[in-house]
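Note sheet for the following structure.
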Amino acid sequence: MLKQTIEQRITEKHTSALHRGFHVWPELRYGKMPALGDYRWTADLIYATWAQAETGSVPENGLEYRIGDSGGGFDLLDFKFLPPGHWVPEDVPVRTSIPLNRRPRDRRIEIPVPFYGGGMSFGSISENVMLARARAAALWKTFTCTGEGGYPDSLAAYNDYVITQVATGMFGVREETIQRAPIVEFKYAQGAKPGLGGHLLGDKTTVAVARMREAVPWVSLFSPFPFHSVYSVEDHKKHIDWIRTINPEALVSVKVSTPTDIDMVAVGSYYAGAHILQIDGGYGGTGAAPEIAKKNIAMPIEFAIPKVHRYLLQEGIRDEIVVMASGGIRTAHDIAKVIALGADGCVLGTMELVALGCTRCSNCERGRGCPFGLTTTDPELSRLVDPEWGAERISNLYRSIQLQLCQILRHLGLQQISELRGRTDLLLYSKKNGRHP
Amino acid sequence: MRSGIQELRSQALDLEDRPGYHRYHIETDTTLEVAPYPSRFRVRVGRVGLAKFLLREIVHTRFNRQIITSRPCLYGVFSGPIGGFAPRPKLCVGCLRCMTEYPDFVRVSHNPDRQLLGDTYFTPQYVDAVTYEAQTGKVPVKGAGYRGKFGGDGWDGMWTDMSEIVRPTRDGIHGREFISTVVDLGEKPPYLLFDENHTPIGPTPNVLSLPLPMLFDVPPASLMQESLLSVLVESASALDTLVVLPPSALRKFDLHRSRIVPLVAPEDLPALQDSLEQPRMIEMASWDEKLHKEIRTRFPGSILCVRLGFAAGYEEQLLRCVHAGVRVFHLVADFHGRNENGDFAIELIQRAHQTLVEAGWRDSVTLIGSGGIVAAEHVPKAIICGLDVVALDTPVFVALQVAMVGECAVQSASQFKAPKFTTQWGVQRVKNMMASWRDQLLEVLGAMGLREVRRLRGELGRAMFQNDLEREAFSGITGYQDAQADN
Chain A
1 MLKQTIEQRI TEKHTSALHR GFHVWPELRY GKMPALGDYR WTADLIYATW AQAETGSVPE
61 NGLEYRIGDS GGGFDLLDFK FLPPGHWVPE DVPVRTSIPL NRRPRDRRIE IPVPFYGGGM
121 SFGSISENVM LARARAAALW KTFTCTGEGG YPDSLAAYND YVITQVATGM FGVREETIQR
181 APIVEFKYAQ GAKPGLGGHL LGDKTTVAVA RMREAVPWVS LFSPFPFHSV YSVEDHKKHI
241 DWIRTINPEA LVSVKVSTPT DIDMVAVGSY YAGAHILQID GGYGGTGAAP EIAKKNIAMP
301 IEFAIPKVHR YLLQEGIRDE IVVMASGGIR TAHDIAKVIA LGADGCVLGT MELVALGCTR
361 CSNCERGRGC PFGLTTTDPE LSRLVDPEWG AERISNLYRS IQLQLCQILR HLGLQQISEL
421 RGRTDLLLYS KKNGRHP
Chain B
438 MRSGIQELRS QALDLEDRPG YHRYHIETDT TLEVAPYPSR FRVRVGRVGL AKFLLREIVH
498 TRFNRQIITS RPCLYGVFSG PIGGFAPRPK LCVGCLRCMT EYPDFVRVSH NPDRQLLGDT
558 YFTPQYVDAV TYEAQTGKVP VKGAGYRGKF GGDGWDGMWT DMSEIVRPTR DGIHGREFIS
618 TVVDLGEKPP YLLFDENHTP IGPTPNVLSL PLPMLFDVPP ASLMQESLLS VLVESASALD
678 TLVVLPPSAL RKFDLHRSRI VPLVAPEDLP ALQDSLEQPR MIEMASWDEK LHKEIRTRFP
738 GSILCVRLGF AAGYEEQLLR CVHAGVRVFH LVADFHGRNE NGDFAIELIQ RAHQTLVEAG
798 WRDSVTLIGS GGIVAAEHVP KAIICGLDVV ALDTPVFVAL QVAMVGECAV QSASQFKAPK
858 FTTQWGVQRV KNMMASWRDQ LLEVLGAMGL REVRRLRGEL GRAMFQNDLE REAFSGITGY
918 QDAQADN
């Protein structure tokens, strides 16, 4: 056995202690951490996600794994489950796959689960976390997204499962990375900081990050807002044409926030030629965002989805564009509710980080970054997340989500996730916090 | 030879020096609390547990000091002289890594003493935000997304709009300095009339421009202290804005008299008459026809404002005052943003705004509002509801570390306790907070694609309300109608 360096031994000391913590806390042997959790991500939800990331199934010790305590949105919704006699039997297969291209032309891509990983840039998260996400995506034949920070070479092995993002700062956008991507995502806006553009604080702009972004190390990097070349749907189409000239095979996704006219934005994106519209609500995660933007600008995703779905239906184009929702989706039940409200699927971000040990302490931007090695570029801290360990955790979480989605569908008498889309008649609104027996 | 950058810089400086052009800037400087607040977290370490753990580590690592002293905290909580045996909770940021790693003997909890700051409306979270802003002058930035309630009563049930592609300038965020936060207070006739000699006849504009839509309201009786009044007056002067104060302040702070808006009741008029100069603006403590005439006669050049509570019938009172010639109003809710019926500022301001719109007077009238505006986001929201200018009260006190004693809702009954501070310290704290709030206002305006705050006034199309959105999204869902009926 090779002799370990001191650094390796220190890393091992902390990783083994952390892994033990992720295991024992959800067992409630030590009770609950009094300072853990918030209204959106309660301590229960965080523990339940840790448990799912370890075991691949929901906890059975009473932890609330379905809803949070925000007092609104998903937390007030529940499903009208059928009586047990009407459930779809266990021996009848239930499908959770969705297509990512509903247009009559261009390549067909189908993912076996109605979700993929959202954009988190190299710089906002460590390369190890990116790798973990990419490996999990490859295992599940779904996708992860580079975010706006370039495409590290280490991800090249997972090309077929990586969406590359083109955002306003054009950080790390290169011809070859667009050519290798099956899906290219234009980020017009981000739910957590709508209308403000991205912001990577100087402390996280390490030499490696700066090199990838072709920027100066240790300087704060702002992505301007919006695309200075886009002032109309026609300009938007021009962008999409540009991508498809470089990579004619690529599907194009457009990520937007949730303004009052989100329905019009959706129609505009469709006519510009987008295959996927990702609407990103304000309650999602981010490496750093002004507090004023998170709560106060643009509407929560729960309200935006039905608005977009209905308008696309009225326009007769709903079945030609894929609508993915993101921004504050925490559980399998949230995913099912998103689909019942009218989206095709979800884009996940924070959920994956919680699976890797995030306590949502909100210190992503402080100094060296995340003390758990997630949203950091500090080499020492990054070592706390081994990509293989991380991929297994995310993969287990995906497994648990899929199992729960299948169970929800069975209990609603449905055999395909696509049958759930827009079925608000299967939802129940309850001020009693959405808890069901 | 001068480089291109030097040339550009020189041109920019020339532009700033040009008469008539003034780039508004608030100088910030880190200003720590005079009396530290309780730490956010409590950190308890079981000494026996820690000792046992260290013994195991010593054996396991064969006394490798580097490994043993590698602690889970990045912030130095356990890096004091005796490490974890005497943790330093002031440095704790609540990441919980220590507790995750060592569940057997570390415990981190919220400090209940910290939760005593503020009151039920000005919650400890708002106190934290204002404290950070007053300390640093920066916009609070955090990671990991939103942590609060979904929506809620009051300002929390309101979202502002954004635009995917429209921007106030083509410079993106770097162009936000060119978003104007200037507002005009005063008498703004909709048109001018001239006689045959081209001399204006009839009402002419009498307007006072402020570089930001915020001024300071009069403090309650329990805070009428020299130190706090000095800070308010000097801050108003430094920020080029106004402060509403009793007339006696004009004499006391003569150097800054142009920044003081005397709040006048009939019995205060003699004190005001001692004043040699006309105040730029005078605020009547309530509507009084005789006093109004008196002030008009004696101070014809001053802008006259009437302070109105949101009592029953305030809309009619507003119109009566407009017909009597008043063009500036200061609408006052209690410190929790409510009137005596419990109605909240959002609705109250909108009703005042709408009343003036329907009567055809809105563009001639200035509405100042105060009460319940305790966070940066409340300013643009209040302006969207119909205010032109916000008069700040409790957030300024909190920036100065004034403690609330019990519930502070009704101004006359609220009790505050101010610490000892110097004017210089206080002014910098207020400037920092105002700089941060202005920057946050710019963020909101920038997100909407608006180039000036004046265009935000009453723009309800730029707002989304929880009840409306929820009805639109969920009205077809079983249980929604019943839940609304129950409410």
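Here the protein sequences come in this chain order: A and B. Going letter by letter, the first sequence gives residues 1 to 437 in the numbering used here. Going letter by letter, the second sequence gives residues 438 to 924 in the numbering used here. In this text, a Cβ means the ideal position worked out from N, Cα and C, and glycines have one as well. Computed from a predicted model, the values in this text were never measured in an experiment.
Min CB distance residue 904/B to chain A below 9 Å: One-based indexing of the second sequence puts residue 904/B at position 467. Output row for residue 904/B: interface = no.
Close-in-space but distant-in-sequence residues of the same chain around residue 240/A (CB under 7 Å, 5 per side omitted): The residue labelled residue 240/A in the question sits at position 240 within the first sequence. If you ignore the 5 residues before and after residue 240/A, its C-beta comes within less than 7 Å of the C-beta of 252, 272, 273 and 274, all in its own chain and listed in chain order.
Residue 586/B versus residue 320/A - alpha carbon distance: Position 149 of the second sequence, counting from 1, holds the residue named residue 586/B. Position 320 of the first sequence, counting from 1, holds the residue named residue 320/A. Whole-angstrom Cα-Cα distance: 35 Å.
9 Å Cβ cutoff, residue 436/A in contact with chain B: Residue mapping note: residue 436/A aligns to position 436 of the first sequence, counting from 1. Because residue 436/A sits at a pLDDT of 40, beneath the cut-off of 50, its placement in the model cannot be relied upon, and the point is left open.
Interface flag, residue 576/B vs chain A, CB-CB below 9 Å: If you number the second sequence from 1, residue 576/B lands on position 139. At a cut-off of 9 Å between C-beta atoms, residue 576/B counts as an interface residue with respect to chain A.
Residue 331/A at chain B interface by Cβ criterion, 9 Å: Numbered from 1 along the first sequence, position 331 holds the residue referred to as residue 331/A. With a threshold of 9 Å between beta carbons, residue 331/A makes no contact with chain B.
Start-to-end residues for the alpha helix (DSSP H) that takes in residue 746/B: Residue 746/B sits at position 309 when you count from the first residue of the second sequence. Run containing residue 746/B: none in the alpha helix (DSSP H); it sits in the beta strand (DSSP E), 740-746.
Cβ neighbour criterion (16 or more within 10 Å) applied to residue 79/A: Numbered from its first residue, the first sequence carries residue 79/A at position 79. It is buried - the Cβ of residue 79/A has at least 16 other Cβ atoms within 10 Å.
Straight-line gap, residue 177/A to residue 153/A (C-alpha atoms, nearest Å): By 1-based counting over the first sequence, the position of residue 177/A is 177. By 1-based counting over the first sequence, the position of residue 153/A is 153. When rounded, the distance between both Cα atoms is 10 Å.
Local Cβ density within 10 Å of residue 523/B, reported as buried at 16 or more and exposed below that: Stepping through the second sequence from its first residue, residue 523/B is reached at position 86. The residue is exposed, with fewer than 16 neighbouring Cβ atoms inside 10 Å.
Per-residue burial, residue 704/B [other beta carbons within 10 Å of its own, 16 or more giving buried]: The residue labelled residue 704/B in the question sits at position 267 within the second sequence. By the neighbour-count definition (other C-beta atoms within 10 Å, threshold 16), residue 704/B is an exposed residue.
Residues that residue 415/B contacts on chain A, provided the C-beta gap is smaller than 7 Å: Look at the range of chain B in this structure, 438 to 924, and you will see that residue 415/B is not part of it.
Inter-residue Cα distance where the pair is residue 576/B and residue 4/A: Translated into the one-based positions of the second sequence, residue 576/B becomes position 139. Translated into the one-based positions of the first sequence, residue 4/A becomes position 4. It is roughly 44 Å from the alpha-carbon of residue 576/B to the alpha-carbon of residue 4/A.
Min CB distance residue 188/A to chain B below 9 Å: What you label residue 188/A is simply residue 188 of the first sequence in a count that begins at 1. For residue 188/A, the answer is yes, since a Cβ of chain B falls inside 9 Å of its Cβ.
Supposed close pair residue 541/B, residue 594/B - CB separation, criterion 8 Å: For the purposes of this step, residue 541/B is taken as residue 104 along the second sequence, with counting starting at 1. For the purposes of this step, residue 594/B is taken as residue 157 along the second sequence, with counting starting at 1. At roughly 44 Å, the Cβ-Cβ gap does not stay under 8 Å, so residue 541/B and residue 594/B are not in contact.
Where residue 877/B meets chain A, residues with beta-carbon distance less than 8 Å: As a first step, residue 877/B is located in the second sequence; it is residue number 440 there, counting from the start. The contacting residues are 290 and 292.
Contact with chain B by residue 65/A, beta-carbon distance below 9 Å: Walking along the first sequence from the start, residue 65/A turns up at place 65. No, residue 65/A does not count as interfacial toward chain B.
Proximity test, Cβ basis, 9 Å: residue 212/A and chain B: To locate residue 212/A, count along the first sequence from 1; it is residue 212. No, residue 212/A does not count as interfacial toward chain B.
Nearest candidate by alpha-carbon position, reference residue 347/A, set 315/A, 408/A, 255/A and 364/A: Against the first sequence, residue 347/A aligns to sequence position 347. Closest by alpha carbon: 255/A.
Listed by chain order, chain B residues near residue 364/A by CB distance under 7 Å: Reading the first sequence from its first residue, position 364 is the one you call residue 364/A. Residues of chain B with a Cβ closer than 7 Å to the Cβ of residue 364/A are, in chain order, 580 and 581.
Spatial distance of residue 136/A from residue 389/A (CA atoms): Looking up residue 136/A in the first sequence gives position 136. Looking up residue 389/A in the first sequence gives position 389. Cα-Cα distance, rounded: 10 Å.
Where residue 997/B sits in the DSSP three-state scheme: Because residue 997/B is not part of the residues shown, which for chain B are 438 to 924, the question remains open.
Three or more C-beta pairs below 8 Å linking the region 810-820 of chain B and the region 870-878 of chain B: yes
Residue 668/B burial status per 10 Å Cβ neighbour count (16 or more: buried): Position 231 of the second sequence, counting from 1, holds the residue named residue 668/B. Its Cβ being crowded by 16 or more others within 10 Å, residue 668/B is buried.
Minimum Cβ-Cβ distance from residue 430/A to chain B less than 9 Å: Numbered from 1 along the first sequence, position 430 holds the residue referred to as residue 430/A. Yes, residue 430/A lies at the interface with chain B (some Cβ there is under 9 Å from its Cβ).
Own chain partners of residue 179/A with C-beta closer than 8 Å, once the 5 adjacent residues on each side are dropped: In the first sequence, counting from the first residue as 1, residue 179/A sits at position 179. Cβ within range, chain order: 246 and 247.
CB contact flag (residue 808/B, residue 824/B, <9 Å): Position 371 of the second sequence, counted from the start, is the residue given in the question as residue 808/B. Position 387 of the second sequence, counted from the start, is the residue given in the question as residue 824/B. In this structure, residue 824/B does not lie closer than 9 Å to residue 808/B by Cβ.
Residues from the region 388-412 of chain A in contact with chain B, defined by Cβ distance under 9 Å: none
9 Å Cβ cutoff met for residue 227/A and residue 616/B: Here residue 227/A corresponds to residue number 227 of the first sequence, with the count starting at 1. Here residue 616/B corresponds to residue number 179 of the second sequence, with the count starting at 1. Not a contact, by the Cβ cut-off of 9 Å.
Integer Cβ distance of residue 198/A from residue 127/A, believed to fall under 8 Å: Translated into the one-based positions of the first sequence, residue 198/A becomes position 198. Translated into the one-based positions of the first sequence, residue 127/A becomes position 127. Rounded to whole angstroms, the Cβ separation of residue 198/A and residue 127/A is 18 Å, and the two are not in contact under 8 Å.
Three-pair Cβ contact test at 8 Å for the region 775-791 of chain B versus the region 737-749 of chain B: yes
Beta-carbon proximity of residue 18/A to residue 384/A, cut-off 9 Å: Looking up residue 18/A in the first sequence gives position 18. Looking up residue 384/A in the first sequence gives position 384. Yes, they are a contact pair.
Beta-carbon spacing of residue 889/B, residue 882/B below 9 Å: Position 452 of the second sequence, counted from the first residue, corresponds to residue 889/B. Position 445 of the second sequence, counted from the first residue, corresponds to residue 882/B. Yes, they are a contact pair.
Beta-carbon proximity check, residue 298/A vs residue 884/B, cutoff 9 Å: By 1-based counting over the first sequence, the position of residue 298/A is 298. By 1-based counting over the second sequence, the position of residue 884/B is 447. Going by beta carbons, residue 298/A and residue 884/B fall inside the 9 Å limit.
Simplified DSSP state of residue 889/B, which is helix, strand or coil: Counting from 1 along the second sequence, the entry for residue 889/B is found at position 452. Strand at residue 889/B.
Under 8 Å from the C-beta of residue 14/A: neighbouring residues of chain B: Within the first sequence, residue 14/A is the residue found at index 14, counting from 1. Neighbours of residue 14/A on chain B, chain order: 507, 509 and 538.
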